[in-house]
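In this note's numbering, the protein residues as written are 6 to 369.
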C-alpha cells in the first residue's frame, strides 16, 4: 500500500464529537502506514481521549496566527477538511501553488454521518472551486454511511462485541467501578440533558440497575434528580477511546449521543442502544433520526420495529412517551435484531479501506 502525507483539519464545535471522529480516523490511517498531521483548534480533549498519541499522527494547533515554522509547511498529498470546516485561506493558497508546479493535493470534505437519501447521491462527487484562494482546485465529497453506496464506517474496536464477558471483567477491574457486581444490570447514559429523562428513566431502569454516567450535562441533571427506585448512579471518568469502547461492550443497554459514540454503540457492543441525536433548532435532527430508523429497522418485525422507533423518538423529545417498561423479553428481541444489524455493517468495507482506495483512484 502506498503511503501518503495527510493534513486533516478539524474544528471542535462542542461535546468533542468532531475531534473524536477525527482522532479515530487519524489513528486508523497511521496504523496503516500513513503519515497524518491533525490540525485542531482545541486539542484539550486528547489529554484524556488519546493520552498516548498514535503512531504516524502529529497534532498541530490550528490558530489564527500559527507559529512561523507551521506557516511554511507544505500541504501533504491529501488534505481533508472534516465536516466542511474549510482549511485556512493561506493553507489553501499553498495547495493552489503546489498544483501550479505539479500534482495538486487531493482535497476531500469528510462529511457528517447520515442515512438520508442525499448521502448516496452525493458520495464521491467533485466540487470545482471557482473563486477564492483555491480557485482551480477540485474538492471531493466523502460521505460515511450505512450502505455499500457510501464511504462506510470506522470499524476499529468492533471485535470487542464478540467478547462481552471479557469487557465486563475489564469493567469490574477498574478502580472507579468499585462496588459493581458481575450480575448488576448496567445502563450507560451518555446523552444530553433533557426534560424527557425523569419520565423515561423508570421505564429503562428497573430495580437493580446501575446508571453509568460519563461527565457532562446529563450527569449533572441526574445527580439532582430523584432516581427510579432500586437504581443507583456510578460516575464514569473521562476515558480514552479504547476504554470507552470497552465500556460500551460491557453494558446491558446503551444510550449514546452525537456521531462517534453512536457508531461505536453499533459496532463495539452486542447490546441494544438508543441514539439521542444532537438537537438542531430547525428540527432537522428529526428527519435525520427517521432516516436512520428506516435503515436500521428495514425488514424488522413490525411490533419490535415500532417499539424501537417509539423509544428513539421519545428519548429525542419527538413524541409523547407512550411506552411500557422495557422488559427482559423485549430487550432480548432488540438485542437479536441489533446483532444482525451489526453483522450487516461489518460485512461492508470499512471507511479507511474505502478512503485509501478512493485516494489511489484519484492520484493514479
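From the three backbone atoms N, C-alpha and C, an ideal C-beta is built for every residue, glycine too.
Query - Coil, strand or helix - residue 86 by DSSP - result: Residue state, collapsed to three classes: strand.
Query raised in the report: Would you call the CB atoms of residue 25 and residue 61 closer than 8 Å?
Result: Their beta carbons are not under 8 Å apart, which means residue 25 does not touch residue 61 by this criterion.
Query raised in the report: Relative to the alpha-carbon of residue 238, which residue among 206, 125, 49 has its alpha-carbon at the smallest distance?
Result: Nearest of 206, 125, 49 to residue 238, Cα basis: 206.
Requested in this report: Determine the closest residue to residue 188 out of 204, 133, 212, 166, with distance taken between C-alpha atoms.
Outcome: Looking at the Cα atoms, 212 is the closest of the given residues.
Report task. Return the residue from the list 309, 272, 339 that minimises the CA-CA distance to residue 348. Result -> Scanning 309, 272, 339 for the CA closest to the CA of residue 348 turns up 272.
Requested in this report: Could you have a look at residue 44 and say whether DSSP puts it in helix, strand or coil?
Outcome: In the three-state scheme derived from DSSP, where H, G and I count as helix and E and B as strand, residue 44 is classed as strand.
**Report entry** CA-to-CA distance, residue 50 to residue 303, given in whole angstroms
**Finding:** Our two residues, residue 303 and residue 50, have alpha carbons roughly 37 Å apart in a direct line.
Requested in this report: Could you check which residue in 240, 309, 16 has the C-alpha nearest to that of residue 90?
Outcome: Ranking the options by Cα distance to residue 90, first place goes to 16.
Query raised in the report: Per DSSP, residue 63 is paired with what?
Result: In the DSSP secondary-structure assignment, residue 63 is bridged to 42.
Query - Proximity winner among 261, 136, 256, 114, relative to residue 174 (alpha-carbon distances) - result: Residue nearest to residue 174 within the set 261, 136, 256, 114 is 256 (criterion: CA-CA distance).
Requested in this report: Going by CA-CA distance only, name the one from 246, 341, 147 that's closest to residue 278.
Outcome: Residue nearest to residue 278 within the set 246, 341, 147 is 341 (criterion: CA-CA distance).
Report task. Enumerate in chain order the residues of its own chain whose CB-to-CB distance from residue 195 is below 7 Å, with the five nearest sequence positions on each side excluded. Result -> Short of 7 Å from the beta carbon of residue 195, and not among the five residues preceding or following it, lie these beta carbons of its own chain, in chain order: 219, 260, 261, 262, 266.
Query raised in the report: Around the Cβ of residue 135, are there at least 16 other Cβ atoms within 10 angstroms (buried) or fewer (exposed)?
Result: Result: exposed.
Requested in this report: Would you check if the stretch 105–121 and the stretch 287–302 touch, i.e. whether three or more CB-CB distances between them fall below 8 Å?
Outcome: The stretch 287–302 is in contact with the stretch 105–121.
Query raised in the report: Mind checking residue 63: buried by the 16 CB within 10 Å criterion, or exposed?
Result: Its Cβ having fewer than 16 others within 10 Å, residue 63 is exposed.
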